[in-house]
Every structure is written in C-alpha cells, then in structure tokens.
Ligand SMILES: [Fe+2]
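Numbering (full-length UniProt numbering), first residue to last: 1 to 294.
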C-alpha cells in the first residue's frame with residue numbers, strides 16, 4: 001500500500017483481505033488519523049464477560065512464561081473486570097512513558113499506523129471478537145491490541161523502540177523496505193521472546209494474547225526454532241500468518257532492540273534486494289538453536 005492510498009482504496013483492500021467479510025469497525029466516524037471515540041457504554045455485558053474469560057485464560061497461562069515487565073504492568077493496569085476504558089489507562093501510560101492510546105475502528109493504513117507510533121500513540125481497535133472466535137481471530141481486536149500490546153508500553157526502553165519503529169516505518173515507505181521492516185515487527189513486537197536469568201520468556205503481543213501459542217512457543221521438541229535475534233537476518237525471514245511460528249527470535253534485552261534500530265537501514269534494504277528471502281524454518285550454518293527452559 002503506498003502513501004497516496006485513499007480511504008476508499010484502503011477500505012476496499014481490507015474487505016478484500018478479509019475475504020469479503022464485513023468490516024468490523026465503523027470507519028464512517030473517524031478523523032483524518034483514523035481515530036474514533038471509544039463508546040464504552042455501548043459494550044454489552046456479554047462482551048465484558050467474554051473479555052473476562054479471555055483475561056482469565058491468559059492469566060492461567062502467563063505466569064512463568066510471560067516476561068516480568070508484562071506481568072507487572074498488567075497487574076497495575078487492573079483490567080481484569082471487563083473491557084477497559086482506554087482513557088484511564090492512557091493517562092497512566094502517558095505519566096509513565098509519554099505514550100497515549102488512541103481508539104481505531106480496526107486495521108488502518110500503514111502510513112497512519114507508523115505516524116501514530118512515531119508520535120507515541122498506540123492504536124487500539126475498539127471492537128471485541130465474537131464468542132466463536134475465542135481461540136482464534138484473524139484480525140486484531142481490542143483484546144489483542146490492549147491486553148497484548150499496551151502493558152509493554154509502560155517499559156521505557158521498549159516504548160522508545162516502538163517510537164523508533166514507527167519512524168523507521170515512515171522511512172521504509174520511502175525506501176521500498178516495507179516488507180522487510182514488517183518482518184521485524186512480526187518477530188519482535190508480535191512474536192518476540194526474551195532471554196532472562198529465569199529462562200526464555202515471552203514479550204510479543206501475538207503470543208501473549210493467544211490461547212495456544214503461549215505454551216507452544218516455549219515447549220521443547222516442537223518443529224519451531226529459537227535463535228538469537230540478528231536484525232538483518234530477521235528482515236530476510238518470511239513468517240507464518242496461519243500457524244504457529246517456525247522461528248522465534250530471542251533478544252537479551254529491550255535495549256538490544258532500541259540499539260539495533262538506531263542505524264540507517266537504507267544500505268540494509270539495498271543489500272537485501274540482491275539476496276533471497278529465507279523460509280520461516282531456516283537455520284543458517286553459523287546459528288545455534290536455543291532451548292526454551294521453563
Ligand atoms: Fe498486534
């Protein structure tokens with residue numbers, strides 16, 4: 001999608017990607033940044049109940065598997081009782097790291113998404129999945145966006161990385177590096193693991209909000225690999241959108257992410273254009289598999 005895409009083109013693209021299924025959100029009442037109001041009073045009691053069930057399922061799985069930063073921030077956010085009021089957490093988040101939460105109707109154009117991140121605004125979808133989507137949902141909903149992503153934004157270094165990613169995204173759009181940079185988001189923000197003194201832990205929102213992948217990604221003996229994150233290598237690596245990941249990249253610290261995205265990616269994008277992409281299950285000759293240890 002290029003930077004000149006119109007709202008109509010974007011909506012048509014989203015509809016096409018969702019196989020013609022009806023769009024979940026109300027795109028008619030957004031502003032120029034795709035921001036809407038969270039109509040909290042409109043959520044039904046059944047939706048709050050579904051949120052509580054999703055929350056409880058994850059909390060039964062996450063201790064000892066999610067990173068400490070996530071668990072600690074989530075406890076302070078106090079969002080177990082139902083779909084949260086964005087404004088409340090947004091004020092707390094702003095006080096902690098200068099980020100705010102903005103409500104969006106669903107998927108938004110890449111340019112808009114990157115612009116939000118570059119300005120320390122995290123877009124959160126307002127609608128919740130249907131009960132039949134309890135275990136799997138194709139598009140990000142409020143549970144994925146809020147539960148999965150917002151807690152780590154309370155960590156100052158990770159929060160800075162997210163802003164830098166947004167700035168890099170705006171630049172990648174100009175440089176033709178979007179596919180490559182998207183892989184970095186996927187393998188870090190969505191499906192990232194971190195090495196800690198207690199063992200490998202999860203920080204990626206795609207895993208943290210998933211009912212099955214929380215256990216799977218840390219289970220020894222699966223066909224998935226755990227390898228140390230090398231950013232250039234990550235940018236070359238294809239990923240799975242319809243199954244659990246075949247490679248999980250492991251970082252040593254959030255500082256590693258921030259420092260690793262400091263350099264200008266222009267020469268990396270140029271170099272990668274002459275190299276083959278790597279299948280999701282690749283293990284290069286000089287790479288060592290890390291064993292998840294619970
Ligand atoms: Fe996400």
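Where a beta carbon is used, it is the ideal one built from N, C-alpha and C, also for glycine. The structure presented is a predicted model; accordingly, all values stated were derived computationally and were not measured.
Distance cut-off 7 Å: residue i Cβ against heavy atoms of ligand 3
{"i": "residue 190", "result": "Inclusion of ligand 3 in the displayed structure is not the case, the ligand content consisting of ligand 1 alone."}
Beta-carbon proximity of residue i to residue j, cut-off 8 Å
{"i": "residue 203", "j": "residue 67", "result": "yes"}
{"i": "residue 141", "j": "residue 128", "result": "yes"}
{"i": "residue 190", "j": "residue 205", "result": "yes"}
{"i": "residue 149", "j": "residue 113", "result": "no"}
{"i": "residue 200", "j": "residue 157", "result": "no"}
{"i": "residue 245", "j": "residue 254", "result": "no"}
{"i": "residue 188", "j": "residue 283", "result": "no"}
{"i": "residue 38", "j": "residue 147", "result": "no"}
{"i": "residue 323", "j": "residue 247", "result": "Because the chain in this structure spans residues 1 to 294, residue 323 falls outside the shown range and cannot be described."}
{"i": "residue 89", "j": "residue 120", "result": "no"}
{"i": "residue 301", "j": "residue 104", "result": "Absent from the structure is residue 301, since the part of the chain shown begins at 1 and ends at 294."}
{"i": "residue 77", "j": "residue 151", "result": "yes"}
{"i": "residue 290", "j": "residue 268", "result": "no"}
{"i": "residue 219", "j": "residue 278", "result": "no"}
{"i": "residue 47", "j": "residue 83", "result": "yes"}
{"i": "residue 25", "j": "residue 106", "result": "yes"}
{"i": "residue 261", "j": "residue 175", "result": "no"}
{"i": "residue 252", "j": "residue 195", "result": "yes"}
{"i": "residue 62", "j": "residue 214", "result": "yes"}
{"i": "residue 134", "j": "residue 51", "result": "no"}
{"i": "residue 170", "j": "residue 230", "result": "no"}
Closest residue to residue i among the options (Cα-Cα distance)
{"i": "residue 73", "options": "96, 166 and 258", "result": "96"}
{"i": "residue 186", "options": "25, 165 and 176", "result": "165"}
{"i": "residue 192", "options": "111, 65 and 175", "result": "65"}
{"i": "residue 49", "options": "37, 183, 28 and 81", "result": "81"}
{"i": "residue 56", "options": "259, 224, 210 and 275", "result": "210"}
{"i": "residue 232", "options": "280, 181, 195 and 217", "result": "181"}
{"i": "residue 155", "options": "52, 273, 69 and 178", "result": "69"}
{"i": "residue 178", "options": "9, 33, 280 and 109", "result": "109"}
{"i": "residue 85", "options": "40, 163 and 208", "result": "40"}
{"i": "residue 259", "options": "212, 275 and 159", "result": "159"}
{"i": "residue 118", "options": "130, 138 and 33", "result": "33"}
{"i": "residue 44", "options": "130, 29, 91 and 79", "result": "130"}
{"i": "residue 163", "options": "280, 60, 271 and 98", "result": "98"}
{"i": "residue 184", "options": "280, 243, 139 and 94", "result": "280"}
{"i": "residue 263", "options": "93, 60 and 168", "result": "168"}
{"i": "residue 340", "options": "91, 75, 242 and 94", "result": "It is not possible to answer for residue 340, since the shown part of the chain is limited to 1 through 294."}
{"i": "residue 307", "options": "10, 132 and 75", "result": "Nothing can be reported for residue 307, as the shown portion of the chain is limited to 1 through 294."}
{"i": "residue 145", "options": "208, 93, 273 and 91", "result": "208"}
Residue i Cβ short of 7 Å to ligand 1 heavy atom set
{"i": "residue 145", "result": "yes"}
{"i": "residue 206", "result": "yes"}
{"i": "residue 140", "result": "yes"}
{"i": "residue 148", "result": "yes"}
Residues that DSSP places opposite residue i in a beta bridge
{"i": "residue 237", "result": "278"}
{"i": "residue 199", "result": "196"}
{"i": "residue 123", "result": "102"}
{"i": "residue 247", "result": "225"}
{"i": "residue 66", "result": "202"}
{"i": "residue 36", "result": "103"}
*In chain order, which beta strand (DSSP E) runs of at least 3 residues are fully inside the segment 104 to 182?*
121 to 125, all fully within the segment 104 to 182.
*With a floor of 4 residues, list each alpha helix (DSSP H) that falls wholly inside the segment 47 to 95, ordered by position along the chain.*
Taken in chain order, the complete alpha helix (DSSP H) segments of 4 residues or longer contained in the segment 47 to 95 are 68 to 77.
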